[in-house]
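The numbers in the sequence shown follow our numbering, run straight up by one, and end at 961. For glycine and all other residues, C-beta sits at the position ideal for the given N, C-alpha and C. Note that the coordinates shown come from a computational prediction; the quantities given were computed from them, not determined experimentally. Before any comments, here is the structure.
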Amino acid sequence: MDLKQLAKEIRKDIFKTAYNGGSGHLGGAFSCVEILVSLYFSVLKYDKNNPLWKYRDKVIFSKGHGCLALYSVLNKIGYISKEQLNSYCKLNSNVGGEPKYMELDGVEATTGSLGRGLSFSIGIAIANKLDKIDSKIYTILGDGECQEGTVWEAVMSAGHRRLDNLTVILDYNKLQAMGNIDEILNLGDIKKSWESFGFFVYEVDGHNIDKLIEVLKDNLNNKIEKPRLIIANTIKGKGISIMENQPIWHYRLPSEKELDIFLNELEMTKEELFL
Ligand SMILES: Cc1ncc(C[n+]2csc(CCOP(=O)(O)OP(=O)(O)O)c2C)c(N)n1
Ligand SMILES: [Mg+2]
């Protein structure tokens, strides 16, 4: 399968779903498409027919507001139906603006309140070790999310316990909801700080699927008795010129005029938007 092409299709699906649902965090969803594609289509161990398979790897999508990307990928692997996806943000739908555990196959944790996913991941990572389950946990964090104090308790704990079954992927797009991370609350030297707490750190272009897969698979081949952090350098709103690196697109849909730009750049027709 051509994963670049798949990433394009997923961006279309994200946009369609948000547009028809009338809301969505497009910037943060577009930022992590390649990360999710790399995980679900090349790295993760899971059973397409049994989402609750005991030995599956788990993705804890901690930056829950970006869930449109997760939903679209879960739809592609068959865990979420097209009908479910189309019910996004509609009355009585379980496909909401933040993902809910136990309500949708493939959603491994309820997230949306930032800063919780890493602690949750650590619980699973410890449980897997105790139960001798040889599966991996992948946690996707936002960079703005790393301003939450709870993230740092978890970082210390994972490093201290040498949780080598845990990989954190930081969607490092340098923007949070209202502006630049560096201006609002600087994260310092991320590599150094995580290393100092016992993580092994990689840095990669978060839109380069081949490179992402390479570092994610290093996790499987190369035995380092530490948790890992992958700093994925990304662009918030990646793929749409007017959205890239612009904080205003954190939570917003295009106006009638801007819609044409979205459709052009996503290479889709207006009719396709409503299919
Ligand atoms: C505890 C908590 N505080 C505030 C919010 C509101 N909020 C939603 S997204 C967001 C910004 C997150 O920025 P980042 O983690 O960098 O995500 P991304 O850039 O990938 O969208 C904020 C403040 C929240 N969801 N949870
Ligand atoms: Mg961010």
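Short of 8 Å from the beta carbon of tyrosine 888, and not among the five residues preceding or following it, lie these beta carbons of its own chain, in chain order: Val901, Asp904, Arg914, Leu915, Ile916 and Ile917. Taking 8 Å as the cut-off, the beta carbon of serine 724 is found no closer than this to the beta carbon of cysteine 775. Residue nearest to glycine 892 within the set Glu911, Lys922 and Ser879 is Lys922 (criterion: CA-CA distance).
For asparagine 919, the three-state secondary structure derived from DSSP is strand. Tyr726 is the residue among Tyr726, Asp733 and Lys956 whose C-alpha sits nearest the C-alpha of phenylalanine 747. Taking C-alpha positions only, lysine 690 is separated from leucine 722 by approximately 12 Å. Within the same chain, Cβ atoms closer than 6 Å to the Cβ of cysteine 718 are found at Gly752, Ala755 and Asp857, the five residues on either side in sequence being excluded. Arginine 802 is positioned such that its CB atom lies no closer than 8 Å to that of threonine 825.
Lysine 822 has its CB no nearer than 7 Å to any heavy atom of ligand 1. For isoleucine 928, the three-state secondary structure derived from DSSP is coil. Here the alpha carbons of asparagine 735 and glutamine 770 stand approximately 17 Å from one another.
Under DSSP, the beta-bridge partners assigned to arginine 914 are Thr853 and Phe886.
Lys740 is the residue among Lys740, Leu873 and Asn908 whose C-alpha sits nearest the C-alpha of alanine 813.
About 13 Å separates the beta carbon of isoleucine 700 from that of leucine 692, a gap too long to meet the 8 Å contact definition. Tyrosine 774 sits in coil when the DSSP states are folded into three classes, being neither helix nor strand. Per DSSP, the continuous beta strand (DSSP E) segment holding phenylalanine 747 begins and ends at 744 to 747. Here DSSP, grouped into helix, strand and coil, assigns tyrosine 858 to strand.
Distance from the C-beta of histidine 751 to the nearest heavy atom of ligand 1 is below 7 Å.
According to the DSSP assignment, glycine 792 belongs to no beta strand (DSSP E), since it is labelled neither H nor E. Counted as a single uninterrupted DSSP element, the beta strand (DSSP E) harbouring tyrosine 824 occupies residues 823 to 828. DSSP places glutamate 958 inside the alpha helix (DSSP H), whose first and last residues are 956 to 959. Distance from the CA of glutamate 911 to the CA of isoleucine 899, rounded to the nearest whole angstrom, comes to 20 Å. Taking the Cα positions, aspartate 868 is about 7 Å away from lysine 860. A direct Cα-Cα distance of roughly 31 Å separates asparagine 931 from methionine 842.
Taken in chain order, the whole alpha helix (DSSP H) runs of length 4 or more contained in the segment 693 to 726 are 712 to 717 and 719 to 724.
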